[in-house]
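Going down the list, the protein sequences come from chains A and B.
So for the first sequence, my numbering puts the first residue at 4; every next one is plus one.
So for the second sequence, my numbering puts the first residue at 4; every next one is plus one.
First comes the structure, then the notes that go with it.
There are 2 protein chains.
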Amino acid sequence: MASSTEPSTAQRTGRRSGDSGTREAILVAAREHFAKSGYAGASLRTIAGAAGVDPALIRHFFGSKDDLFAATLEIPPEVTDRLGQALESASDGIGEALVRAYLGMWEDPASAESVRAMVRSAIASDKAADRLRGLLGEQLHASAPLLLDRPDGRVRAALIGSHLIGIAVARYLVRVDPIAALDLDTVVTLCTPAIQRYLTAPLPLEPSSE
Amino acid sequence: MASSTEPSTAQRTGRRSGDSGTREAILVAAREHFAKSGYAGASLRTIAGAAGVDPALIRHFFGSKDDLFAATLEIPPEVTDRLGQALESASDGIGEALVRAYLGMWEDPASAESVRAMVRSAIASDKAADRLRGLLGEQLHASAPLLLDRPDGRVRAALIGSHLIGIAVARYLVRVDPIAALDLDTVVTLCTPAIQRYLTAPLPLEPSSE
Numbered sequence: 004m005a006s007s008t009e010p011s012t013a014q015r016t017g018r019r020s021g022d023s024g025t026r027e028a029i030l031v032a033a034r035e036h037f038a039k040s041g042y043a044g045a046s047l048r049t050i051a052g053a054a055g056v057d058p059a060l061i062r063h064f065f066g067s068k069d070d071l072f073a074a075t076l077e078i079p080p081e082v083t084d085r086l087g088q089a090l091e092s093a094s095d096g097i098g099e100a101l102v103r104a105y106l107g108m109w110e111d112p113a114s115a116e117s118v119r120a121m122v123r124s125a126i127a128s129d130k131a132a133d134r135l136r137g138l139l140g141e142q143l144h145a146s147a148p149l150l151l152d153r154p155d156g157r158v159r160a161a162l163i164g165s166h167l168i169g170i171a172v173a174r175y176l177v178r179v180d181p182i183a184a185l186d187l188d189t190v191v192t193l194c195t196p197a198i199q200r201y202l203t204a205p206l207p208l209e210p211s212s213e
Numbered sequence: 004m005a006s007s008t009e010p011s012t013a014q015r016t017g018r019r020s021g022d023s024g025t026r027e028a029i030l031v032a033a034r035e036h037f038a039k040s041g042y043a044g045a046s047l048r049t050i051a052g053a054a055g056v057d058p059a060l061i062r063h064f065f066g067s068k069d070d071l072f073a074a075t076l077e078i079p080p081e082v083t084d085r086l087g088q089a090l091e092s093a094s095d096g097i098g099e100a101l102v103r104a105y106l107g108m109w110e111d112p113a114s115a116e117s118v119r120a121m122v123r124s125a126i127a128s129d130k131a132a133d134r135l136r137g138l139l140g141e142q143l144h145a146s147a148p149l150l151l152d153r154p155d156g157r158v159r160a161a162l163i164g165s166h167l168i169g170i171a172v173a174r175y176l177v178r179v180d181p182i183a184a185l186d187l188d189t190v191v192t193l194c195t196p197a198i199q200r201y202l203t204a205p206l207p208l209e210p211s212s213e
């Protein structure tokens, strides 16, 4: 984290405690501001002020407001790798592995803020919804060999995405009790059967209804 | 709907096509503005401008910004009554009745905008989350005799709330395909088994873990 000493010097020169600290401080300020004001209402000047840097430095690191917004939604590759590995588990363990990797993404400090920002933004504005739409539908389908092999795989992926996003909204964003208060293992145990059925049990419809 | 003729007269005198038209025009403008700018960023002046009325008229009809915000989230009693009736269905039909009444609330023009605004606001700001938190957890539990009778009823209500809110987010807010494109009956058929299991099938945990 960048130190907050000598803000006026930092504002003038853009120098803080090294590039990665500055970059991170801008991202923290940007996530907070985008979440509060929405994409349309957010300004680079306000974000720069909150991060204690010159607006020019934001352009230097990130480019446009659009690029900065995209950067606030980035999930580190090691986190998405864990999701990918879960989707390649043996078919009777894939439900639990998926729920655990997915909720892990919401609990891991390396990704929690990005995921939160992505969902908040996607629900607040159509502009940001594309990314989440792809993750919950197409990308989930494409990453799971089990789903790719099935004619109803896309419906299954969307049902799984619907349940997973709902668990996250209830537990991490709206904080519905007791699902917000239960420990992670208990939530995984409770939700795994429904996810596993969407993965492998017969659906109540013919595949043609996709 | 209020007519948009003579906006300058309307602005000066606050008269439009009758009180209920004016009230509705303010609500439409307020929902749009709260969704775009968030609660903190929203201003009565901007809402009044968009509705073509004097800000004083908003205070006359609704009181404070807080009261106006609450009014944008109101769901008509006939819609909530349908949900209540669904929760009192016979136990083997309650899953389908609940999913149908819940998704109906998102599709009925009388409530669609309020529900959308409530979820958007609840996810964007903690201030608005209380209402949705109550609906998805405590109120769902208290309205379903089937759940009130069980020691694990609150966990079941939260799991059901999690799945239902996720279906709505995927179908109506983020528009994940194919769940956004499927007709209502198909979505009800696909999601009913998981909801029914959360209502009546044994949970993978002892009730004491609530």
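Just so it is clear, CB atoms sit at the ideal spot from N, CA and C, and this is done for glycine as well.
Is it true that the CB of residue j sits closer than 8 Å to the CB of residue i?
| i | j | result |
| --- | --- | --- |
| alanine 33 of chain B | leucine 71 of chain B | yes |
| leucine 187 of chain A | glutamate 116 of chain A | no |
| alanine 89 of chain A | leucine 101 of chain A | yes |
| serine 114 of chain A | isoleucine 61 of chain A | no |
| leucine 76 of chain A | alanine 38 of chain A | no |
| leucine 176 of chain B | valine 118 of chain B | no |
| valine 191 of chain A | arginine 103 of chain A | yes |
| glycine 52 of chain B | serine 40 of chain A | no |
| leucine 139 of chain A | isoleucine 170 of chain A | no |
| threonine 189 of chain B | leucine 208 of chain A | yes |
Beta-carbon within less than 6 Å of residue i's beta-carbon, same chain only, minus the 5 sequence neighbours each way: which residues are those?
| i | result |
| --- | --- |
| isoleucine 50 of chain A | Ala32, Ala33 and His36 |
| leucine 150 of chain B | His144, Gly156, Arg159 and Ala160 |
| alanine 173 of chain A | Val179 and Ile182 |
| tyrosine 201 of chain B | Arg159, Leu162 and Ile163 |
| alanine 184 of chain A | none |
| serine 146 of chain A | Gly87 and Leu90 |
| threonine 195 of chain A | Gly98, Glu99 and Val102 |
| aspartate 22 of chain B | none |
With a threshold of 7 Å on Cβ separation, who are the neighbours of residue i within its own chain once the five nearest residues in sequence on each side are excluded?
| i | result |
| --- | --- |
| leucine 193 of chain A | none |
| alanine 74 of chain A | Leu30 and Phe65 |
| alanine 197 of chain A | His166 |
| glutamate 91 of chain A | Pro148 |
| arginine 26 of chain B | Phe64 |
| valine 82 of chain B | Met108, Asp111, Ala113 and Ser114 |
Closer than 8 Å, CB to CB, is residue i near chain A or not?
| i | result |
| --- | --- |
| proline 154 of chain B | no |
| threonine 192 of chain B | yes |
| leucine 76 of chain B | no |
| glycine 44 of chain B | yes |
| serine 23 of chain B | no |
| valine 118 of chain B | no |
| alanine 161 of chain B | yes |
| alanine 214 of chain B | Chain B is shown from 4 up to 213; residue 214 of chain B falls before or after that span and cannot be answered. |
Is residue i close to chain B, meaning its C-beta is less than 8 Å from at least one C-beta of that chain?
| i | result |
| --- | --- |
| threonine 203 of chain A | no |
| serine 102 of chain A | According to the sequence provided, residue 102 of chain A is valine. The question's serine does not apply to it. Not closer than 8 Å to any Cβ of chain B, the Cβ of valine 102 of chain A fails to qualify, so no. |
| histidine 144 of chain A | no |
| lysine 68 of chain A | no |
| serine 40 of chain A | yes |
| serine 165 of chain A | yes |
| leucine 176 of chain A | yes |
| glycine 169 of chain A | yes |
| alanine 132 of chain A | yes |
| arginine 157 of chain A | yes |
For a contact meaning CB atoms closer than 7 Å, what does residue i contact in chain A?
| i | result |
| --- | --- |
| glycine 140 of chain B | Val179 and Asp180 |
Name the chain B residues that come within less than 9 Å of residue i, Cβ to Cβ?
| i | result |
| --- | --- |
| arginine 136 of chain A | Ala173, Val177, Arg178, Val179, Asp180 and Ala183 |
| valine 122 of chain A | Ile126, Val172 and Val177 |
| arginine 200 of chain A | Pro196, Ala197 and Arg200 |
Near residue i, what residues of its chain come up, given a Cβ to Cβ distance below 8 Å and the 5 sequence neighbours on each side ignored?
| i | result |
| --- | --- |
| glutamine 199 of chain B | Asp95, Ile97, Gly98 and Glu99 |
| arginine 245 of chain A | A question about residue 245 of chain A goes unanswered here, because the residues of chain A that appear run from 4 up to 213. |
| leucine 47 of chain A | Pro58, Ile61, Arg62, Lys68 and Leu71 |
So which residues of chain B does residue i contact, with C-beta pairs closer than 7 Å?
| i | result |
| --- | --- |
| arginine 62 of chain A | Per Cβ cutoff of 7 Å: no residues; arginine 62 of chain A is ~24 Å from chain B at best. |
- Query: If you scan the stretch 148 to 202 of chain A from start to end, which runs of the beta strand (DSSP E) of 3 or more residues do you find wholly inside it?
  - Reply: The stretch 148 to 202 of chain A contains no whole beta strand (DSSP E) run of 3 or more residues.
- Item | Whole runs of the alpha helix (DSSP H) within the stretch 83 to 131 of chain B, excluding any shorter than 4 residues | Qualifying alpha helix (DSSP H) stretches, in chain order: 97 to 110 and 115 to 127.
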